[in-house]
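>
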Amino acid sequence: MQTKYYSIIDIGSNTMRLVVYTKEKSGRFHEVENTKAVARLRNYLTSDNTLSNDGIERMVNILQSFKEVVDTYELNELVCVATATIRQAKNNQAIKEIVKTEVGWEMQILSEKEEAYYGYLAVVNSTSISEGITIDIGGGSTEITYFKNRQLVDSHSFPFGALTLKDFLTDNKSMDKKLVKLRTYLFEQFNTLDWLVDKQVPLIGIGGSARNLAQIHQSREKYPLAGLHQYQMNDSDIAETTFYLSSLSDEELGKVEGLSSDRIDTIVPAANVFLCLYQMIDAKTFVLSRKGLRDGVFYKRLTKHLESSLHPNVLQDSIEDLVHEYNLNKTQIHHVQILTKKLLQELQINGLGSLTRQDWELLDRACYVYHLGQYIDSESSAQHTFYLLANRTIDGLMHIDRLKLALIASYKNKTVFKQFIDPFHNWFLKKDRKKLYTLGALLKFTYSLDATKRQVVQDFDFTISKGAIILTLYCNSDFMPEEYQANKQKKHLEKALHNTIELKFVRN
């Protein structure tokens, strides 16, 4: 099947960006090209809000450079959007004509409401957060939205951004006094929206400033997982990082790991925006979303024929993408799910393994991606499975949940499990580590019951006799391979449950 490519050009106040996507089987997008240019168009706005000729020339030169890149793809669709600076420029219609003439693209100037909406849409379609407040700090404006039950409730665009706020830090006063003035201004602005106060919901950061803040925190914490999307920070994390950055000179900021060189002069005001808003809403947590305005634009455009632009189940779509990407056997997955759920229920009813009904949520996901690392190399399947699941973005899963999935789905034996979990030892209580080990051993056992992918084991009876678990397994054809594998693998589950397991295979 011919790959379909889609592209978006985002003309921001600080940076301009070109992104090229492919569309996955599930309808979700996969990024294949991402190019950024620092334009600082905000600095070319004159006192009467006209974008100067130098600014227009810089913008057009960058767009022509982008055009050379996108011309290498056979695009199904290209969208060019502009935000605050072009929106505020009184000569924006003339700018549209210049872009059309010089580059050949129709430039769409987003309204404040549209810019906020697209950010919200990207968040609810790439996370499992059902209620929260989003914030996207651009160069010339800041968009905030509040959504509940995944539906947009309120939105607002503030007339300040990272480039305008840095003016608070340019006078000769002490840094402490400058920060007090900046924070006072921010709280005054936020207080104009009564729907922000004490919301006590997650605060979701979108855009480059939020991304840099998360990167800096990960670097300082020596964070052991890859990826930024759905990375979480609490109030003390944001406060400590903000105060650390505020204490540095520009030269020192240039050496900070995780901070882009083009954000050295804007990261301190931006970080203070996140901190003030976090305090204002009494947020539960700060979550970074790598998906933002550009993704929201395409979610909307490619679902315009549908009743809703919202994906019904973000996480399930992501899991389905993994199944498709690694060519996993859906028939086997669904069969193993049935066996696994029944065995979990029997163990839970009999009080074995400290298992609960809630554990099925973890096991259910792991059934889909069990040892997907075989796609790369069967001999080191466990290692590849753990690394791939722990270190790639899975929309709808926070990092801790992604790690849990990786530990269960990569289970091989106790030694390898300990090797994988050791760098994250402090992330879990002892009982949680034991639970993950048990779930991994359980899944390894149930997959052995379908060793030949023929769904030979159709059902089983579960009984306990003289302290031993007895499984009577009913088969619809020759079961010798399944019997061999199950007897070989049951030892892991026996160790986890501290019980002997006896297997009786019966031909129906």
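Last residue of the sequence shown: 492 in this note's numbering, with the numbers rising by one and none dropped. C-beta: ideal position from N, C-alpha, C; glycine also. The model shown is predicted, which means the values in this text are computed figures rather than measured ones.
#1: Return yes when the C-beta of T269 is under 7 Å from any heavy atom of the ligand FMN, and no when it is not.
#2: What are the partner residues of F412, as DSSP defines its beta bridges?
#3: Taking 8 Å as the threshold (C-beta atoms), are I(-7) and C64 in contact?
#4: Compare the beta carbon distance of R247 and G192 with 8 Å and say whether it is the shorter of the two.
#5: Look at the alpha carbon of I(-5) and the alpha carbon of Q321, and state the distance between them as a whole number of angstroms.
#6: Could you round the C-beta distance between R274 and H213 to whole angstroms and report it? I think they count as a contact, below 8 Å.
#7: According to DSSP, what are the bridge partners of C64?
#8: State the Cα-Cα distance for the pair L381 and L47, rounded to the nearest angstrom.
#9: Using a Cβ distance threshold of 8 Å, determine whether the segment 77 to 87 contacts the segment 99 to 114, with at least three qualifying pairs required.
#10: Hey, does F144 have any beta-carbon neighbour from chain D nearer than 8 Å?
#11: Pick out the complete beta strand (DSSP E) segments inside the segment 219 to 294, 3 residues or longer, and give them in chain order.
#12: Helix or strand or just coil, what does DSSP make of Y458?
#13: Out of T67, W344, G103, point me to the one whose CA is closest to S95's CA.
#14: Check the DSSP bridge columns for L391 and list the partner residues they point to.
#15: To the nearest angstrom, how far is the alpha carbon of L387 from that of P296?
#16: Report buried or exposed for Y431, applying the criterion of at least 16 other Cβ atoms within 10 angstroms of its Cβ.
#17: Contact defined as beta carbons within less than 8 Å: I believe L166 pairs with L149. What is the distance between those atoms, to the nearest angstrom?
#18: Assuming I485 and L457 form a contact by the criterion Cβ under 8 Å, report the distance between their Cβ atoms to the nearest whole angstrom.
#19: Looking at L294 and R349, is the spacing between their C-beta atoms short of 8 Å?
#20: Excluding the 5 residues flanking Y283 on each side, which residues of the same chain have their C-beta closer than 7 Å to its C-beta?
#21: So, helix, strand or coil for R195, using DSSP?
#22: Can you give, in chain order, each stretch of the beta strand (DSSP E) that sits fully within the segment 81 to 125 and has at least 3 residues?
#23: Going by C-alpha to C-alpha distance, which of A73, S220, K450, N18 sits closest to V53?
#24: Take the Cβ of Y102 as the centre, count every other Cβ of all protein chains shown within 10 Å, and call the residue buried at 16 or more, exposed below.
#25: Out of E86, C351, N375, which has the shortest C-alpha to C-alpha gap to D434?
#26: Between which two residues does the beta strand (DSSP E) holding F370 run?
#27: State the CB to CB distance for the pair A255 and T226, rounded to an integer number of angstroms; the pair is presumed to be in contact (CB under 8 Å).
#28: Based on DSSP bridge pairs, tell me the residues matched to N18.
#29: The alpha helix (DSSP H) that contains Q300, what's its start and end?
#30: F429 and Q473: beta carbons closer than 8 Å?
#31: Going by C-alpha to C-alpha distance, which of N218, I378, N45, I128 sits closest to L177?
#32: How close, in whole Å, do the beta carbons of S230 and V252 come, if the pair is a contact with beta carbons under 8 Å?
#33: From W344 to A452, what does the alpha carbon distance come to, in whole angstroms?
#34: Skipping 5 residues on each side, what residues in its chain have a beta carbon closer than 7 Å to that of N493?
#35: Could you tell me which of E86, A73, V87 sits nearest to I93, measuring between CA atoms?
#36: Measuring only the C-alpha atoms, how far is Q329 from T287?
By the coordinates alone:
#1: As far as ligands go, the structure on display features none, and thus does not contain the ligand FMN.
#2: The partner list for F412 (beta bridge, DSSP) is empty, contrary to what the question assumes.
#3: Their beta carbons are under 8 Å apart, which means C64 touches I(-7) by this criterion.
#4: Result yes, Cβ atoms of R247 and G192 sit closer than 8 Å.
#5: For the pair I(-5) and Q321, the Cα-to-Cα distance works out to about 47 Å.
#6: The pair is a contact, with the Cβ atoms about 4 Å apart (cut-off 8 Å).
#7: Answer is I(-7), M91.
#8: Using only the alpha carbons, I get a separation of about 35 Å.
#9: Cβ pair count under 8 Å is below three, so no.
#10: The structure shown contains no chain D; it holds only a single protein chain.
#11: Considered as a whole, the segment 219 to 294 harbours 270 to 273 as its complete beta strand (DSSP E) runs of no fewer than 3 residues, in chain order.
#12: Y458 falls in the strand class under three-state DSSP.
#13: Checking every option, the nearest Cα to that of S95 belongs to T67.
#14: Note: L391 is not bridge-paired with any residue in the DSSP secondary-structure output.
#15: Looking at the two C-alpha atoms, the distance is approximately 24 Å.
#16: Taking every protein chain shown into account, the CB of Y431 has 16 or more other CB atoms within 10 angstroms, so this residue is buried.
#17: Separation of the CB atoms of L166 and L149 is rounded to 7 Å, and the pair is thereby assigned contact status at 8 Å.
#18: Incorrect: roughly 11 Å between the Cβ atoms, too far for contact.
#19: In this structure, L294 does not lie closer than 8 Å to R349 by Cβ.
#20: Excluding the 5 residues flanking it on each side, Y283 has same chain C-beta neighbours closer than 7 Å at L105, A106, N109, S293, in chain order.
#21: If DSSP states are grouped into helix, strand and coil, R195 belongs with the helices.
#22: Considered as a whole, the segment 81 to 125 harbours 91 to 93, 116 to 121 as its complete beta strand (DSSP E) runs of no fewer than 3 residues, in chain order.
#23: Residue N18 is the option with its Cα nearest to V53.
#24: Buried, because 16 or more other Cβ atoms sit within 10 Å of the Cβ of Y102.
#25: Comparing alpha-carbon positions, the option among E86, C351, N375 lying closest to D434 turns out to be C351.
#26: Segment 365 to 375 is the alpha helix (DSSP H) holding F370; no beta strand (DSSP E) there.
#27: The beta-carbon separation of A255 and T226, rounded to 4 Å, stays under the 8 Å limit for a contact.
#28: Partner(s): V3.
#29: Per DSSP, Q300 belongs to the alpha helix (DSSP H) from 298 to 309.
#30: Against a cut-off of 8 Å, the Cβ pair of Q473 and F429 comes out as a contact.
#31: Per the Cα distances, I128.
#32: In this structure S230 touches V252 by the C-beta definition: roughly 5 Å separates them, less than 8 Å.
#33: Straight-line spacing of the CA atoms in W344 and A452 works out to 23 Å.
#34: Not covered by the structure: residue 493. The range shown for the chain is -15 to 492.
#35: Checking every option, the nearest Cα to that of I93 belongs to A73.
#36: Straight-line Cα distance between these residues: approximately 39 Å.
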